[in-house]
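Q:
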Amino acid sequence: MAGLRGMEPSRTLLDKSNLSDVPMRRAAPPVPAYALYGESADGFPDELHVETITARSAKYDWRIRSHRHGDLYQFFFIAEGGGTAVIDGTVHALGPGTAIAMPPLVVHAFEFAPHTDGYVASVPAAVLDHWSSPKTQWRSLFKAPLVLAVTPAQAGQLRTTLELALVESGEHGASRREALTAFAGLVLVWFHRTLAAGRPDDDDLAFAGVQLVERFTAQVEEDFRRHPSLTDRARRLGVSVPHLSRVCRRVTGRSALGIVQERLALEARRHLAYTSMTVAEIAFGLGFEDPAYFTRFFTRHLGVSPRAYRADPSRTRSETA
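If you're matching positions, the sequence shown starts at 10 in the numbering used here and goes up one per residue.
1. Going by beta carbon distance, what residues of the same chain come within less than 6 Å of residue 109, once the five residues before and after it are set aside?
2. Which term fits residue 34, buried or exposed, when burial requires 16 or more other beta carbons within 10 angstroms of its beta carbon?
3. In whole angstroms, what is the alpha-carbon distance linking residue 24 and residue 186?
4. In angstroms, rounded to a whole number, what distance separates the CA positions of residue 269 and residue 176?
5. Please state whether the Cβ-Cβ distance between residue 120 and residue 65 is less than 9 Å.
6. Considering residue 86, what are the terminal residues of the alpha helix (DSSP H) in which it resides?
7. In this structure, what does DSSP give as the bridge partners for residue 133?
8. Using a Cβ-Cβ cut-off of 8 Å (strictly less than) and excluding sequence neighbours within five positions of residue 293, which residues of its own chain qualify?
9. What are the complete alpha helix (DSSP H) segments, minimum 4 residues, inside the region 214-269?
10. On the DSSP letters alone, give me the boundaries of the alpha helix (DSSP H) that residue 58 sits inside.
11. Please confirm whether residue 149 and residue 250 have their CB atoms less than 9 Å apart.
12. Can you name, in chain order, every residue of its own chain whose Cβ lies under 8 Å from the Cβ of residue 168, other than the five neighbours on each side?
13. Considering just the uninterrupted stretch of the beta strand (DSSP E) at residue 155, what are its terminal residues?
14. Identify whether residue 299 lies in helix, strand or coil by the three-state DSSP scheme.
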């Protein structure tokens, strides 16, 4: 069974809000957007691109600075070595057997130990759509980052798939496009099965639970700044509060309230990291009537005060399993 690190419990959160609708006094420097790190964001020609972690990270002294990708999903696997990842402001420890799914627009950075071995697979969103079905909507599955600690057997399966995909991506034989699309599908299926292995629920029951959580998180995304009660949220979804929280915990590892609070904390981290708004402005913008209460909420959730986080985002409590 896969162990879940860091952000997996919140994987169903809609994780791509636009900060442009919030008043700012002065914009912070923009986070670079790349196709592949250090390369132009204009276009991505292949159905799947695979490279070793060493191939790119060694050129940058094993440090990949904060960046994002416009319409590209990335899948990472650490075979040997490790390091740290900072994903939307949350720090994760990486070690052998760590697998990561990174959706578009999520700001992320890595610092690898020298000689870390593993793979990075990059897949355009259109390829996910190619493999989608009514019961498997890949964009929904990967709408938020996943950080997984997997078993040796699961790690072996993913490593073999990525090794073969790396060979195929470097060749130009017949049906190369079809082969790369197929390998991309195998990577998606691996993540789906690994997640399912951690949830031994009946397939239909699990699917219904995922649908409810997706409706709930879409609702949270629309109105988290207004702070409606859980009773109101559950009523609009046609379920009771205990049922909603039970399903949320089963599917995501978080209670319904925990999901709401995590979304607020994520937005607060983004404003602190990427805008020059004051703490009071952020508090009022997120629907808190009292900046002092916002500060207590943030400190309780992140382990540091808003001002301390702004000064050094790496000081947050590391979220590892």
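Just so you know, even glycine gets a beta-carbon here, dropped at the ideal spot from N, CA and C.
Quantities reported herein were computed from a predicted structural model and do not represent experimental measurements.
A: Here's the rundown:
1. For this step, residue 109 is matched to residue 100 along the sequence shown. Once the five neighbours on either side are set aside, the close Cβ partners of residue 109 are 85 and 156.
2. Counted from its first residue, the sequence shown places residue 34 at position 25. Caution applies to residue 34, whose pLDDT of 39 falls short of 50 and renders its modelled position unreliable; the value that the coordinates give is listed next. The residue is exposed, with fewer than 16 neighbouring Cβ atoms inside 10 Å.
3. As a first step, residue 24 is located in the sequence shown; it is residue number 15 there, counting from the start. As a first step, residue 186 is located in the sequence shown; it is residue number 177 there, counting from the start. Its pLDDT being 35, under 50, residue 24 is placed unreliably by the model, and nothing is read from it.
4. Sequence index remark: in the sequence shown, residue 269 carries index 260 (1-based). Sequence index remark: in the sequence shown, residue 176 carries index 167 (1-based). In a straight line, the C-alpha of residue 269 is about 43 Å away from that of residue 176.
5. As a first step, residue 120 must be located in the sequence shown, where it is residue number 111. As a first step, residue 65 must be located in the sequence shown, where it is residue number 56. No. Outside cutoff.
6. The residue you call residue 86 lines up with position 77 of the sequence shown. Here residue 86 belongs to no alpha helix (DSSP H); instead the beta strand (DSSP E) covers 81-89.
7. Position 124 of the sequence shown, counting from 1, holds the residue named residue 133. Bridge partners of residue 133: 81.
8. Mapped onto the sequence shown, residue 293 falls at position 284. 300.
9. 239-246 and 250-261
10. The count along the sequence shown starts at 1 and reaches residue 58 at position 49. No alpha helix (DSSP H) contains residue 58, which is instead part of the beta strand (DSSP E) from 58-61.
11. The residue you call residue 149 lines up with position 140 of the sequence shown. The residue you call residue 250 lines up with position 241 of the sequence shown. Their beta carbons are not under 9 Å apart, which means residue 149 does not touch residue 250 by this criterion.
12. Working through the sequence shown from its first residue, we reach residue 168 at position 159. Same-chain partners within the cutoff: 86, 88 and 128.
13. Position 146 of the sequence shown, counting from 1, holds the residue named residue 155. Element bounds for residue 155: 155-158.
14. Walking along the sequence shown from the start, residue 299 turns up at place 290. Looking at residue 299 - three-state DSSP - the assignment turns out to be coil, as it is neither helix nor strand.
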